[in-house]
Amino acid sequence: MKFTRYPKRDAIRDYFPLPNEIFSFGLSTGEIAVYAYLMYCEDRKTFQCHPSYKTIGNAVGMSKNTVKKYVDSLIEKQLITAEPTSVITQKGEKRNGNLRYTIRQIAEALEQYYEQQLIRLHEENRRQVALKKLAEFDRKHGKSAVLRLVRKQAGESEGLPCFPLAGHSGRQRRPHKALYGFCNPVTKPQFRGCSNFNLADLGVANFTANLAGYSAMYVVLCCTAKGSDTMAKRRPSGDGMVRKREDGRWEGRIVVGHKKNGDPIHRYVLARTQKELIVKLHDCIEMYRDADLTEDSNMMLGEWLDRWINEYMIFTIRESTLDSYKAMIKNQIKPYLGDRPLSALTTQELQKFYNTVKKKGRVNPDKLHGTELADSMVRGIHMMLHEALDMAVFLRLIVKNPTVGTTIPKNNYPPKQILNDEQLERFMQRIRQDERWYDFFYTELTTGLRRGEICGLKWEDFDAENGKLKVRRSVAKRKGGGLNIGETKTETGTRTIVLPPSTAELLRKRKETAVSEWIFPNIYEPEKPMHPDYAYHRLKTLLKQAELPLIRFHDLRHTFATHALAGGVDAKTLSGILGHTNASFTLDTYTHVTTDMQRNASAIVGSFMDEIMFEGDDTNR
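Residues in the sequence shown are numbered consecutively from 1066, following the working numbering.
This is how it looks when you write it as structure tokens:
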């Protein structure tokens, strides 16, 4: 196939230039079309043209009114200028001609556009601050805090026409009804219903904005108490400035909070160009829009974690958990992030920390794992940091929790082991031969209590008449020796369970010969509860003697739960017995049981339906 070469065309005569920067203005398709046609029509020497709205509309497929709208928008964005022209008719009459358009230099237009964007961004931020302040005042005092602006002329009284608004050339336009208060011409302007407030006591800043379709003056309330000189100097959160540094970079600054003396707390944004600064500054303003940080936001992470532990957590968690938190802070967090300011922490930085501490976080390397930290340890560090930084958000030290959005290793808990029916029978035969431990392990297998919970049972918790048992404490090994007797693992762990008749009868007989307040006391020191480690070691001994798998003590709890579900106990009831937070956790934990139960249910339903379908059908029998 023979191709015909496209004829050579003149670059000046047959083409018109469309600058690449035109796509930096955020123009609509209509604006680009109109601008392109003006570029097509322009005189290359004077950069001018004068097509009519109708001519432009016919060329780009728009109405005259639509073309006018886009022309006005291009003028507003400083891409073009327009000036009126006049023509003389054949009769000698002077008439208005088409507008003469001048295509401005794209570099100048772009620079002015960026400046306008910064100004608009600043005004929008101040408008949001004003609305926030007004809303806070309204909530505090129960009445509208917005003033009605009236003429400040002697003798004028309440109810006279409004003060002329900016942009209306003296026109008396009524603003939105929410923008009305009142003004006493004799005394100072007052807040309606709040005689102890006046404009003189407020640090005010007026600016023109738009709300609900009306142009109006907004009042930024920067003070809330009469005669408070300190508060009157406070700049509103979100207020800021933009400047070009000596090194050529652009710097933006916003107010994100205040110190105790009223001085503002700033956040700075740097960028190489105005365009980049606009984007970064907009993101920064959005992040700190509702923030009012305190001067403690510059506190180091290590310092904050120590304060969090000693002031907020010391009386809310068990001593063993507290010890583990302190160890993680000392060994893993402080060496890597201890000197980082709270306000400077980022999600990316924390993610890098998790990855690093996973590989190099082990304090005492061993032959098997080296310096690699266990997945469960990394998860524990994450959960602690998440909780501590949530408190920092609540106390207005930071705006958001940087742990949100990070990824951590998944749970890799060892597989659950249980004693099947045959193994359970062998285990029961063995414990019947041990008088000291029979009651203990029989109670465990019929209640599914945690190891610390069964060791912490007292006779005052046992309702012999009704056969009920209250679980309200837990015993744990103390670091360095001794025992900690505290609350249960969770709030739902404090519970009352109904004992099986056999277990209730066993405890009644045991109570008759009791010599201690503890149901299962220490064998050698009856005034103390059973040590959890003693129970664990005895379990291992009994399993060896019965030639059974060496399961964990917690697997006795799994054994109870598995057999209960298989026996028909519903998940909701079992969740209450085990002290789980909700039934979904119970189902997630014992999915292997529920899957088997579903298969059995499916088989039963299938058999039932087969009987119905084929009943009386001799051909299918």
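In this text, a Cβ means the ideal position worked out from N, Cα and C, and glycines have one as well.
For residue i, the nearest candidate out of the options (CA to CA)
{"i": "Thr1167", "options": "Ile1145, Pro1149 and Arg1185", "result": "Ile1145"}
{"i": "Glu1180", "options": "Thr1338, Asp1108, Ser1385 and Thr1131", "result": "Thr1338"}
{"i": "Asn1363", "options": "Pro1406, Ile1379, Trp1373 and Ile1330", "result": "Pro1406"}
{"i": "Glu1148", "options": "Gln1155, Thr1154 and Asn1161", "result": "Asn1161"}
{"i": "Asp1499", "options": "Met1378, Leu1608 and Asn1375", "result": "Leu1608"}
{"i": "Thr1559", "options": "Asp1328, Leu1462, His1447 and Leu1643", "result": "Leu1643"}
{"i": "Ile1140", "options": "Lys1465, Lys1156, Arg1109 and Gln1177", "result": "Gln1177"}
{"i": "Leu1092", "options": "His1115, Tyr1080 and Asp1137", "result": "Asp1137"}
{"i": "Pro1084", "options": "Thr1094, Gly1095 and Tyr1100", "result": "Tyr1100"}
{"i": "Leu1639", "options": "Phe1459, Leu1514 and Lys1399", "result": "Leu1514"}
{"i": "Leu1613", "options": "Gly1517, His1628, Val1540 and Asp1486", "result": "Asp1486"}
{"i": "Leu1346", "options": "Glu1311, Gln1494, Gln1113 and Val1307", "result": "Val1307"}
{"i": "Met1448", "options": "Tyr1390, Phe1459 and Ser1408", "result": "Tyr1390"}
{"i": "Glu1173", "options": "Thr1436, Gly1445, Lys1142 and Asn1190", "result": "Lys1142"}
{"i": "Arg1332", "options": "Phe1090, Gly1633, Arg1497 and Ser1408", "result": "Ser1408"}
{"i": "Asn1531", "options": "Asp1371, Pro1594, Leu1564 and Pro1430", "result": "Leu1564"}
{"i": "Phe1527", "options": "Asp1504, Glu1158, Ile1584 and Ile1550", "result": "Ile1584"}
{"i": "Met1393", "options": "Leu1402, Ile1446 and Met1493", "result": "Ile1446"}
{"i": "Lys1593", "options": "Val1634, Trp1369 and Asn1549", "result": "Asn1549"}
{"i": "Gly1031", "options": "Ser1385, Ile1097 and Gly1327", "result": "The displayed coordinates of the chain run from 1066 to 1686. Any statement about residue 1031 would go beyond what the structure contains."}
{"i": "Thr1654", "options": "Ala1195, Ala1626 and Ile1496", "result": "Ala1626"}
{"i": "Leu1410", "options": "Cys1520, Val1458 and Ile1330", "result": "Val1458"}
{"i": "Arg1495", "options": "Thr1606, Pro1566 and Leu1462", "result": "Thr1606"}
{"i": "Thr1472", "options": "Lys1423, Asn1326, Phe1380 and Asp1504", "result": "Lys1423"}
{"i": "Met1595", "options": "Phe1505, Thr1555 and His1645", "result": "Phe1505"}
{"i": "Ile1171", "options": "Ile1379, Phe1090, Thr1154 and Ser1649", "result": "Phe1090"}
{"i": "Asn1476", "options": "Tyr1589, Gly1426, Ser1441 and Leu1415", "result": "Ser1441"}
{"i": "Asn1587", "options": "Leu1183, His1628 and Cys1520", "result": "Cys1520"}
Cβ-Cβ separation, residue j to residue i (assumed contact under 8 Å), whole Å
{"i": "Ala1529", "j": "Arg1575", "result": "Actually they do not touch by this definition, with Cβ atoms about 10 Å apart."}
{"i": "His1323", "j": "Asp1357", "result": "7 Å"}
{"i": "Pro1474", "j": "Val1428", "result": "So it is not a contact: roughly 19 Å between Cβ atoms."}
{"i": "Thr1553", "j": "Val1536", "result": "6 Å"}
{"i": "Met1352", "j": "Val1464", "result": "6 Å"}
{"i": "Glu1107", "j": "Leu1175", "result": "Not really, about 18 Å apart at Cβ, beyond 8 Å."}
{"i": "Phe1081", "j": "Tyr1105", "result": "5 Å"}
{"i": "Thr1468", "j": "Leu1450", "result": "5 Å"}
Whether residue i touches residue j by CB criterion (7 Å)
{"i": "Gly1317", "j": "Val1334", "result": "yes"}
{"i": "Thr1557", "j": "Lys1533", "result": "no"}
{"i": "Arg1603", "j": "Trp1524", "result": "no"}
{"i": "Thr1412", "j": "Gly1367", "result": "no"}
{"i": "Val1132", "j": "Tyr1102", "result": "no"}
{"i": "Ala1636", "j": "Leu1621", "result": "no"}
{"i": "Gln1482", "j": "Ile1616", "result": "yes"}
{"i": "Arg1538", "j": "Pro1597", "result": "no"}
{"i": "Arg1165", "j": "Thr1150", "result": "yes"}
{"i": "Phe1618", "j": "Tyr1599", "result": "no"}
{"i": "Leu1484", "j": "Thr1624", "result": "yes"}
{"i": "Ala1631", "j": "Arg1491", "result": "no"}
{"i": "Ala1439", "j": "Trp1373", "result": "no"}
{"i": "Leu1402", "j": "Phe1418", "result": "yes"}
{"i": "Ile1330", "j": "Asn1190", "result": "no"}
{"i": "Trp1315", "j": "Leu1342", "result": "yes"}
Beta-bridge pairing of residue i - partner residues as DSSP gives them
{"i": "Tyr1390", "result": "Tyr1390 pairs with nothing; no bridge assigned."}
{"i": "Arg1527", "result": "The sequence given here has Phe at residue 1527, not Arg. Phe1527 is bridged to Leu1534."}
{"i": "Asn1549", "result": "Ala1541"}
{"i": "Pro1586", "result": "Pro1594"}
{"i": "Met1365", "result": "Pro1406"}
{"i": "Cys1114", "result": "Tyr1166"}
{"i": "Ile1562", "result": "Leu1534"}
{"i": "Ala1147", "result": "Tyr1166"}
{"i": "Ile1184", "result": "According to DSSP, Ile1184 bridges with nothing at all."}
{"i": "Asn1161", "result": "Ser1151"}
{"i": "Trp1746", "result": "Given a span of 1066 to 1686 for the chain in the structure shown, any question on residue 1746 remains unanswerable."}
{"i": "Val1320", "result": "His1331"}
Residue i Cβ short of 6 Å to the ligand ADP heavy atom set
{"i": "Lys1554", "result": "Among the components of this structure there are no ligands whatsoever, and the ligand ADP is therefore not found."}
Secondary structure, alpha helix (DSSP H): runs of 4+ residues fully inside the region 1409 to 1483: Listed in chain order, they are 1412 to 1425 and 1440 to 1459.
Sequence ranges, beta strand (DSSP E) only - wholly within the region 1324 to 1363, length at least 3: Listed in chain order, they are 1329 to 1336.
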